[in-house]
Structure formats: structure tokens, C-alpha cells
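Chains A and B supply the protein sequences, listed in that same order.
In case it helps, the numbering used here puts the first sequence at residues 1 to 417.
In case it helps, the numbering used here puts the second sequence at residues 418 to 834.
For every residue, glycine included, the Cβ atom is placed at its ideal position computed from N, Cα and C.
Only a predicted model underlies this, so the values are computations on that prediction, with no experimental measurement involved.
See structure below.
2 protein chains.
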Amino acid sequence: MDITLTRIEGGVGAPLGYLTSAVGCGIKNPAADRLDLALIQSELPCSSAGAFTTNRVKAAPVRVSQAHLRKGDLRAIVANSGNANACTGVQGIRDANAMCDAVAKPLGLKRTEIGVCSTGVIGLPMPMMRLEPKFHDLLTGLAPGRGGDVAKAIITSDTRPKEVAIAVDLGTHTVRIGGCVKGAGMISPSMATMLCFITTDANVSSENLRKAVLECVEESFNRITIDGDMSTNDTVLVLANGASGIPAIRRNGQRCRQFREALRWVMLELAKAVVRDGERVTKFVTVHVRGARVHLDAKKVAEAVCKSALVKSSWNGGDPNWGRIIHAVGYSRARIREELVDIHIGGKPACLGGLQAPTPMDELRSIVAEPEFEIVINLNQGSADYTMYSSDLSPEYIDFNRSEYAYWKQARKDGLI
Amino acid sequence: MDITLTRIEGGVGAPLGYLTSAVGCGIKNPAADRLDLALIQSELPCSSAGAFTTNRVKAAPVRVSQAHLRKGDLRAIVANSGNANACTGVQGIRDANAMCDAVAKPLGLKRTEIGVCSTGVIGLPMPMMRLEPKFHDLLTGLAPGRGGDVAKAIITSDTRPKEVAIAVDLGTHTVRIGGCVKGAGMISPSMATMLCFITTDANVSSENLRKAVLECVEESFNRITIDGDMSTNDTVLVLANGASGIPAIRRNGQRCRQFREALRWVMLELAKAVVRDGERVTKFVTVHVRGARVHLDAKKVAEAVCKSALVKSSWNGGDPNWGRIIHAVGYSRARIREELVDIHIGGKPACLGGLQAPTPMDELRSIVAEPEFEIVINLNQGSADYTMYSSDLSPEYIDFNRSEYAYWKQARKDGLI
Numbered sequence: 001m002d003i004t005l006t007r008i009e010g011g012v013g014a015p016l017g018y019l020t021s022a023v024g025c026g027i028k029n030p031a032a033d034r035l036d037l038a039l040i041q042s043e044l045p046c047s048s049a050g051a052f053t054t055n056r057v058k059a060a061p062v063r064v065s066q067a068h069l070r071k072g073d074l075r076a077i078v079a080n081s082g083n084a085n086a087c088t089g090v091q092g093i094r095d096a097n098a099m100c101d102a103v104a105k106p107l108g109l110k111r112t113e114i115g116v117c118s119t120g121v122i123g124l125p126m127p128m129m130r131l132e133p134k135f136h137d138l139l140t141g142l143a144p145g146r147g148g149d150v151a152k153a154i155i156t157s158d159t160r161p162k163e164v165a166i167a168v169d170l171g172t173h174t175v176r177i178g179g180c181v182k183g184a185g186m187i188s189p190s191m192a193t194m195l196c197f198i199t200t201d202a203n204v205s206s207e208n209l210r211k212a213v214l215e216c217v218e219e220s221f222n223r224i225t226i227d228g229d230m231s232t233n234d235t236v237l238v239l240a241n242g243a244s245g246i247p248a249i250r251r252n253g254q255r256c257r258q259f260r261e262a263l264r265w266v267m268l269e270l271a272k273a274v275v276r277d278g279e280r281v282t283k284f285v286t287v288h289v290r291g292a293r294v295h296l297d298a299k300k301v302a303e304a305v306c307k308s309a310l311v312k313s314s315w316n317g318g319d320p321n322w323g324r325i326i327h328a329v330g331y332s333r334a335r336i337r338e339e340l341v342d343i344h345i346g347g348k349p350a351c352l353g354g355l356q357a358p359t360p361m362d363e364l365r366s367i368v369a370e371p372e373f374e375i376v377i378n379l380n381q382g383s384a385d386y387t388m389y390s391s392d393l394s395p396e397y398i399d400f401n402r403s404e405y406a407y408w409k410q411a412r413k414d415g416l417i
Numbered sequence: 418m419d420i421t422l423t424r425i426e427g428g429v430g431a432p433l434g435y436l437t438s439a440v441g442c443g444i445k446n447p448a449a450d451r452l453d454l455a456l457i458q459s460e461l462p463c464s465s466a467g468a469f470t471t472n473r474v475k476a477a478p479v480r481v482s483q484a485h486l487r488k489g490d491l492r493a494i495v496a497n498s499g500n501a502n503a504c505t506g507v508q509g510i511r512d513a514n515a516m517c518d519a520v521a522k523p524l525g526l527k528r529t530e531i532g533v534c535s536t537g538v539i540g541l542p543m544p545m546m547r548l549e550p551k552f553h554d555l556l557t558g559l560a561p562g563r564g565g566d567v568a569k570a571i572i573t574s575d576t577r578p579k580e581v582a583i584a585v586d587l588g589t590h591t592v593r594i595g596g597c598v599k600g601a602g603m604i605s606p607s608m609a610t611m612l613c614f615i616t617t618d619a620n621v622s623s624e625n626l627r628k629a630v631l632e633c634v635e636e637s638f639n640r641i642t643i644d645g646d647m648s649t650n651d652t653v654l655v656l657a658n659g660a661s662g663i664p665a666i667r668r669n670g671q672r673c674r675q676f677r678e679a680l681r682w683v684m685l686e687l688a689k690a691v692v693r694d695g696e697r698v699t700k701f702v703t704v705h706v707r708g709a710r711v712h713l714d715a716k717k718v719a720e721a722v723c724k725s726a727l728v729k730s731s732w733n734g735g736d737p738n739w740g741r742i743i744h745a746v747g748y749s750r751a752r753i754r755e756e757l758v759d760i761h762i763g764g765k766p767a768c769l770g771g772l773q774a775p776t777p778m779d780e781l782r783s784i785v786a787e788p789e790f791e792i793v794i795n796l797n798q799g800s801a802d803y804t805m806y807s808s809d810l811s812p813e814y815i816d817f818n819r820s821e822y823a824y825w826k827q828a829r830k831d832g833l834i
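What follows is the structure in C-alpha cells.
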């Protein structure tokens, strides 16, 4: 598709007509002064769309944001990190509503025009006494062009904020799309997998936007996996306020296709950033499955390979172990024939027709020693393809995830449990 | 069920009428003198049954053993460790056949009366030049009561041989059942998951035995997981030679039920031993799912929890993290209602109705600090149950599985690739 994207600065603050703000409340760590509460506001009415976790255990803010979206469009998003407000029952819903109310009234909006998101530890009540004194600063801090603070405020075990913004030329007008994302752990495909906020000054109807979001999520966030664990809080929220002055983008037109392509690019860029910043990740691996009989078979193979603990361990070790890859292909439940499977690593054949290929092992090892490489698995049975983005699994990941006891101790100290 | 089991010594050599032998060929490590080739022979004709991996990539010995079982009963089993003879094409089938021929002729049996098994690295040709000079010693070494050597010869990354034998009183006669198993890595439910050999001197028809084996495998080996990776070589082979002198055990009679119960006990004992000796495992965790609407829902919940990298990391850290357990319950695709879920750890409530239970955290921590504990997840929606046996996932597991490069180097040295 013929579109021209230009990277610009500013993340979710880059599109016209958005104000953002972020403050530190001590939710992540009462002792440290880290940003952990963020606000995004559109200055104009806007269209909105969302995609949420398919986990049957849903955090309170997921339930509340879903309900608000059903009632109409959002105009602002409030989000915190450090506590997921998940498995918190009726009190959790009350706290999520309180977060909405705290920003809705001062902004002159209805509660149902606020999207609310939380990310962090599961099962502990929200420390609302830490948030409440900070809403004033959060609201007075609203300013244009400060998207970077939102990206910082939503991260948890991420090592860096992740944001992107682009300008895209749609004929008569240029529109901007900005986004930020947090990821790190509990990352596995099956609906958007983390918190992701995207703003745009394009003029798109809610229905049109909803369709574009679902399609783009399927080709970006649903294609990544770090540890195979799907979160209770995964949320993607997209706001489109038309501030660019572009006339409404009509469904199925040329501009609509270009806008979707640009949105897809932004989501894929953010999704890949999530994998690259996965918990204790050292490798970014793109797995292309080709030649499957049907799309679903290609997907099953990609997921089995990208989620296998043994395959991911070998990537961590820089071992071009095609035997472990084909063993995961075999148990994927896709219809495959062992004797037809080819596996290329970094463009070099590692396995041809289910057997060791003649490429010298040291040549393959030097490819897998790199921080990023591609694997192509050709089933040679049809024409369906699927691509996924995965990481290695490191001893440090497990070390890092051994205990969340400190959170419980803090919650006890705070009188929350 | 009213049966009396007595533990006896001798593993697969304990039942009457079986000879065993094992030698070291240097397949595992040419420098070390470890047992890696084993033989089990029934002195009498016998019934036999098998269960095999459902991985679509099947090792050559799996294909050969399956073909032999379709032609009639087995009377001997030859098995090696150190090389899986998987993804080895036509040469792999030739090598598996050659292993059968090497023992069939001297024993006066047909090739199709031999079961053949391999376990070890995938994708490298069998180093037959190491096995061939040792078949003579293997055959002349056949003796009664030496099952322990077979258990030793089949292990790879296991830390210890695993075997069990029992005597069971079936009214007029006592019969014996002996078994050994190797496991350690690539252990995940969905058909038997490793090599397991079981001998018995009971008198059971092949059809009757086949049915009992499938039923017992379902309730033992299909209930365990270590790393969620299903091997290409998983095989359970059972021989029943009637040497106890007991009259044929008829289908559906009291003795048949007792025999099945005893066989199930042996398989479950071996399956649990596999988990306890999983690669770099420090915890043995029994997960009971109760109150599901249907059996399949209970199974989905148990598998999601037992395979979750985050849950397994928390077990490794001795963290009674019910939040991670319920998050896996949520993404299991079972029909669950968050607000009905109870989770007990070591008999103490950790989560009631989807919320934090009042049990002090330190009480739960002292339970999870133990090397073995039980978790009960009650969905409170019906009466279907499912139990699985799982382990933690340790940083050392990943370290251990980072590279199999040494095998490739050896194969290159041997002129095999």
C-alpha cells in the first residue's frame, strides 16, 4: 500500500487536540518518587474504540471501561500502574469508578466518558488513599505535547517507556497517530496484551474506528508472546478527535485503507517494542510460518514454537536448535507432515524435508548469537502464512518472578488486607 | 477398591519370567562408561500393549514399535538413551529396524516381536557404530531380577533411575507388576510422556491389556507436566506373560478391576516420580480442580495453571501467589465465574469467592516453602474434578537447556553429519 509515514516526537501527545499529564503517587513503591498515575484528555469530542483481555478473570477497570464504551464515546483516559485492581470484587469496581469521577467532574465530562486502566499486582485492593491527594496535581498538570510522561507512568517491570508517533499524509490533510504501551510480563497473544493508548487527530466514526482497531490488534498485539501468560488487565484504547481538520474518513475508501495501514503500523511497532522490552529478554525472534494448508494451522504452529519453554531456552543459549523447533511444530495440533518441513534460520537452511540441512552449525550459531533474528518454518502443504514475534526465556525471568511477597507486606502495612 | 499392594524389589525384573540386561555403548557420552542400551525379554509368549506420543513428528522407533504392535504381540524391548532417533528419515527407520534385528535373531524371535525405543537429542543420526559392538554383551548379559540396570540405562537428564514393583493379591494367585520410567524434560500431558516399560506376570489378553493401558495412561502420565513440551518419542510399553500361573483375567470381572487398579497405581507412581525428578525441579505440586461444570473444563483449568510460567516461577520462589493462579484459571478457556472461585493451598483458604481470604500470608508461605504441597481450586459450578501433578520452573532449568551444541560437535566428529 502506498502511504508515507513520518516518525514524529511526542507519543500520545503528538496528535493535535490532546492534553496529557502524569504524577507519582507511590503506588508502585511508596518510598520512590516514580510516575504511576496518568491522564489523557481530548480537547474535542472524539470517536473511541477499545479491545480488551479475553481472560475470564477481568480486572475491575476492564469491566468499567467496557461498560463506558458500550454507552458511547470516551474523551479521557485515566490509568495507574503498580496495582492491577484485579480480583478486588465490589470494592474494585467502586475504586475504578472513583478514579473516573475524580477526573470527570473537573473536566466537565460524564463518568462514562472516561476510560480507566490499571496494571500491576493482582488480588490487592487499590491504595486509593495514595491516589486521592494527587488528582489535583494530575488535573492542573494537563498540557499538550507531554505524551512521554504517560508512557513513563504506565510501566511496571518494563525497563523503559515505549511510545511512537507518526504523521501520515492522507491527500489533502496530514493526520497524526501517537501511541504508548506497557508490557513486560503476562504477555501472550489472544487479544491485546497489556495497556496501550493511541490518540489520533484523524476524523473517523466510532464504528469505522472500532473495525480498524479489531483488525489491527489481530495483526499486532495478538501476534506477540513473551511468557504465554495472558493478563487480566489487557486493554487497548484508541481516541480519534478530528483536530487535524481532515473531512470524515469514509469506510472502505482509499483514505480509510491508508489510515488503517498507518494504525496497523503504529500498533505493530508498539507490539514489537513490548517483546523487545519483555521481562529479562535477550532475544527478539520473528517466526514466519509459511505453506500451511489453512490460516489456523499456520497460527497453531507459530504459537507452539513461540511458547515452547525448550525452544525459548535454546534461543537464550544462542543454540540454533531446529530439533526443538520441529518437535513443537509436531505437537501444535496443526496438520503437518514431518517429511515436508523446512526450517530456515536467518535465511540459512537448518532443516530440509524434516532432516538436518547441510549448513555448517557454526554459521547458524553466529545468526542466533545476534539479539534479533528470523526463523522461517515452511510446512510446504499450502499457501497460508502467519507471523509471530517472540522472545527467549531467561533464567533471570524466573528469578525476577519468584515472589511478589513484598506487595503483600506493603498492603498489610497500609491496612488494605 | 479393596486391593492389597505390597512393594517389592526389582523393577521390570520383579515379575516372574522376565530377563533383563543393560550395557554402556558411549551414546550418551563416548568418554563416560554409562549404561545406555537396555533389553527386556519375556521368557514366555506374552500379551502386550503400548501408548505413544501424539506429536505429529514421531521418532523412527515410535513408528517401528507402533507397526510391530499392529502386527501382534511383542516379547522383547530394546531401548537406548542419548539419541532420540527422531527427524532422521529413512536412515532412522533402518537404524531402528537394525536394533530390532540385532536382538530378534539371537533370541529366536521375529523382528515384529521386538519393541524399540530411543530417547535423547533430536535430529542427529543414531551412532550405530557404537551400538553394534555391544549387542553381544547385551544378549549374554540377560538375567532375571536385574531390572535396576534397565532403569539406569534409559535415563538422560534424569538425576536418578526411577522404578517400582508391586505384588498384588488377586484371590487365588499373587501377580507382580514392575515398571521403570525416564522423564526429566519435554514432559507435558497428552499421551504418555517419556519412556516407560512395565512388565507383569499376570495373564491378560492383549485386548484387555490394551484397554487397561489406555485407561491407566489417561489417569497417570497424561496428568503430569514439567515444561509443557511434548516429546517426539513418548512411549509406554506393557508386557504381560502369565508366568504367575494365574488363570486368564477376564474382562470386567472383579480380578480385572483389581488388576487395573494395581496397574494404575504403578503408572501413577512412575508418573509422579517423573515430575519429582524433572529437570532442575524443586517442588512437587498436586493441583486438584473441583466443582467444574464438565470434566473438560476441570482439565483445561488444571492444565492452564500447571503450565503457566508465572505460576511455576512463583512456586519456585515459595510464593503462595493465588493471584497468578486465578489469572491462569481465567485464561484457561473453561467456563468459570471469577466470583465463585475458591483456592486452598495446603488446606488453607488463599482465595474465597475470587477475593483474598483472611489466612495470614505467612501461614501460606510456610506451606509453599515445603518441597511438596497441594492446591485445590474449586470452581463451585458443578461436580466435575480433575487432578494434575506439576513442578516449579527454575532458573536452573533454563540454564540447563540453553544448548545442545556439544551433541552436534560430537556427531560431526563421528562423521554422522
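Could you give the residue range of the alpha helix (DSSP H) that holds residue i?
i	result
R421 (chain A)	What the structure shows of chain A is the stretch from 1 to 417, and residue 421 (chain A) is not part of that stretch, so it cannot be assessed.
M267 (chain A)	254-276
L548 (chain B)	545-548
D149 (chain A)	147-153
V311 (chain A)	309-316
T140 (chain A)	135-140
K765 (chain B)	It is not in any alpha helix (DSSP H) - K765 (chain B) instead sits in the beta strand (DSSP E) that spans 765-769.
If I'm right that residue i touches residue j with Cβ under 8 Å, what's the distance once you round it to whole angstroms?
i	j	result
L379 (chain A)	A302 (chain A)	L379 (chain A) to A302 (chain A), Cβ: 11 Å. No contact.
E580 (chain B)	G564 (chain B)	6 Å
C723 (chain B)	V704 (chain B)	6 Å
F552 (chain B)	A519 (chain B)	4 Å
G82 (chain A)	D36 (chain A)	5 Å
So is residue i in contact with chain A if we call contact Cβ pairs under 8 Å?
i	result
C597 (chain B)	no
P812 (chain B)	yes
M516 (chain B)	no
T423 (chain B)	no
M778 (chain B)	yes
S465 (chain B)	no
H843 (chain B)	Examination of residue 843 (chain B) is not possible in this model, given that chain B is present from 418 through 834 alone.
N500 (chain B)	no
Q671 (chain B)	no
N620 (chain B)	no
Just to confirm my understanding: we take residue i, look at its own chain, exclude 5 residues before and 5 after, and list those with CB closer than 6 Å. What are they?
i	result
A609 (chain B)	Note that A609 (chain B) scores a pLDDT of 32, beneath 50, so its modelled location is shaky; the value from the coordinates is reported in the next line. Taken in chain order, the residues that qualify are A468, V634, F638, D651, V653.
E396 (chain A)	R280
T591 (chain B)	A584
Hey, quick one: how far does the beta strand (DSSP E) through residue i stretch, first residue to last?
i	result
E218 (chain A)	Here E218 (chain A) belongs to no beta strand (DSSP E); instead the alpha helix (DSSP H) covers 206-218.
L612 (chain B)	612-617
I343 (chain A)	342-345
S21 (chain A)	18-23
Determine the contact status of residue i and residue j, defining contact as a CB-CB distance below 8 Å.
i	j	result
D809 (chain B)	N738 (chain B)	no
V64 (chain A)	V23 (chain A)	no
T20 (chain A)	G13 (chain A)	yes
A767 (chain B)	R627 (chain B)	no
If we define contact as Cβ-Cβ less than 8 Å, is residue i a contact residue for chain D?
i	result
D575 (chain B)	This model lacks chain D altogether; the protein chains it does include are A and B.
Which residues in the same chain as residue i place their Cβ atom closer than 7 Å to its Cβ, once the five residues preceding and following it in sequence are excluded?
i	result
G434 (chain B)	S459, E460, L461, D618, N658, A660
D414 (chain A)	P127
R782 (chain B)	G735, P737
I'd like to confirm something about residue i: is its beta-carbon nearer than 7 Å to some heavy atom of the ligand NAP, or not?
i	result
S498 (chain B)	Looking for the ligand NAP in the displayed structure turns up nothing, as the structure carries no ligands at all.
Under 8 Å between C-beta atoms, does residue i make it to chain B?
i	result
C87 (chain A)	yes
L107 (chain A)	no
I417 (chain A)	yes
D95 (chain A)	no
N316 (chain A)	yes
Y386 (chain A)	no
I336 (chain A)	yes
Near residue i, which residues of its chain fall below 8 Å by C-beta distance, leaving aside the five closest residues on each side in sequence?
i	result
E632 (chain B)	R677, R681
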